Amino acid sequence: MKKHYFLICSALLMACCILVSCKGKKQPAQAPQVKYETKVLKPESKIYNMSFPATTSGTTEIKVYPQVEGIITEKKFTTGTKVNKDQTVYIIDPTEYQLSVQAAEANLSVAIARMETTKLQYESNQELYSKKIISDYVLKTSLNDYNSAKASVLQAEAQLNIAKTNLGYCNVTAPVTGYVDANGYDEGDMATRTNYLCTVSDNSLVDADFSFTETQLLDMIKRFNLRIGSKGMEGPNGKFIGDAMPKLQLKLKDGSTYKGTGVVTKIEAIVNPTTGTVLCTAEFENPNGILRSGMSANIIIPITMDSVLCVPQTAAVRLQDQMMFYRIKDDGTVEGMICKVIPSNDGKEYYITEGLNAGDEVVTNGVRKLSNGTKVR
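Residue numbering for the sequence shown follows this note's numbering, beginning at 68 and increasing consecutively.
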């Protein structure tokens, strides 16, 4: 009986050990299957907006210099307001110039009186000479005196006109209709001929100056068939450069886009050797006066890109200043391809310019988990 009981207990103990042993063993884990999204590249048509920093200026922008010197007694405008042509913007103290007019008028009166006296003397001598009372020398001398007196009158008249003109210059006027900006001069300041008082800009048309790099210039020349003509850079067959290139947009400092469109009016033919850039000018109509001289903005040139390969930006691996994409090979493994790209304006895509071809299939998600030779299918 005791022997039978011992066998039963031993059997139960072994069963428990086997059960515990089975529970303690770990089953081999299966590798998780990662599903990668891919894209087969095919040519697409996209519009890429190239952006260039620009500074605006009125197409007619004139610095107003005083023609006479003196203390400014009145400033007749508020900076940034519109003034009309010939409207007074400054008044310079006219006292000195009024006195000059008075002195010139007095000198003219003296000259006229002397001319009248010499005229009478000459006429009298003519009569005496006809009666042979005086000599030919006396007659000619009186004629010379009369002619000299007439010349003095002309000289005095010129001096009076100069004095009156200078007096008129005390009213400094706007040379064109436009918006006026002061150069720091106010009432009580000294106006001199060497320093301009203000700037008047006709802003009905506004220029925006910007620059191309040498590489961008070469791209524009090839893309739009530009050439050097008799009037600078022009389109094919002498076409106006603004008609050869697309219409431009202007993005303002507050992030808004100006409603009107512009045209390129000038591209310099010479690249600046110091900066490696070439100066360009675009022109915008400004009927509502929104654009002002000196504004900072960005010129937007829409470039139509035909047959471009597009990939999501999630497909890219940045390697310092390079971009790499994983192309799927025929055996289902991947290889990294270094490519040249242009980022799309919305920040969602890259446009491949070099490194991949139409028909290539690339991985578009989870690329940081990949390495050359990783099998994805």
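Ideal Cβ placement from N, Cα and C applies to all residues, glycine included.
Computed from a predicted model, the values in this text were never measured in an experiment.
Residues bridged to residue i [DSSP beta-bridge criterion]
i, result
"L376", "I419"
"K333", "T348"
"R451", "In this structure the chain extends from 68 to 444, so residue 451 is not present and cannot be described."
"V429", "K106, R394"
"P120", "N365"
"K407", "E421"
"E402", "R394"
"A275", "T123, A349"
Residue i versus the options, residue with shortest Cα-Cα distance
i, options, result
"Y325", "P313, N355, P410", "N355"
"E402", "L206, V384, N238", "V384"
"L386", "K407, T400, R394, P379", "K407"
"P110", "T122, V375, N174", "V375"
"K298", "D269, I334, T266", "I334"
"L285", "G343, D269, V239, G361", "G343"
"V243", "D388, V429, V267, I405", "V267"
"E141", "V177, V135, E416, D160", "D160"
"N211", "S197, E190, L227, N228", "E190"
"M404", "N412, S209, V434, K415", "V434"
"G422", "E416, M391, K415, T328", "M391"
"P379", "A336, T348, Q389, G414", "G414"
Short Cβ contact (9 Å threshold) for residue i with residue j
i, j, result
"A171", "A218", "no"
"V338", "I308", "no"
"N29", "N250", "A question about residue 29 goes unanswered here, because the residues of the chain that appear run from 68 up to 444."
"A241", "D153", "yes"
"I357", "A258", "no"
"E350", "D274", "yes"
"Q188", "Y204", "no"
Inter-residue Cα distance where the pair is residue i and residue j
i, j, result
"G235", "K320", "42 Å"
"K106", "G426", "9 Å"
"L108", "K396", "14 Å"
"K306", "R359", "30 Å"
"D276", "Q283", "16 Å"
"S363", "S271", "18 Å"
"A96", "T420", "With a pLDDT of 35 at A96, under the threshold of 50, the modelled position of this residue cannot be trusted; read the value that follows with caution. Cα to Cα, the separation comes out at about 44 Å."
"S112", "V345", "29 Å"
"T371", "M312", "11 Å"
"N439", "P120", "41 Å"
"T123", "F144", "23 Å"
"E301", "D256", "48 Å"
"A223", "T127", "39 Å"
Notebook entry, point to check: Along the chain, which unbroken stretches of the alpha helix (DSSP H) at least 4 residues long are found entirely within the stretch 283-338?
Noted result: 308-311
Notebook entry, point to check: If you scan the stretch 121-145 from start to end, which runs of the beta strand (DSSP E) of 3 or more residues do you find wholly inside it?
Noted result: 137-142
Next item on the list: Tell me the start and end of each unbroken beta strand (DSSP E) in the stretch 195-260 that is at least 3 residues and wholly inside, in chain order.
Entry: 238-240, 245-249
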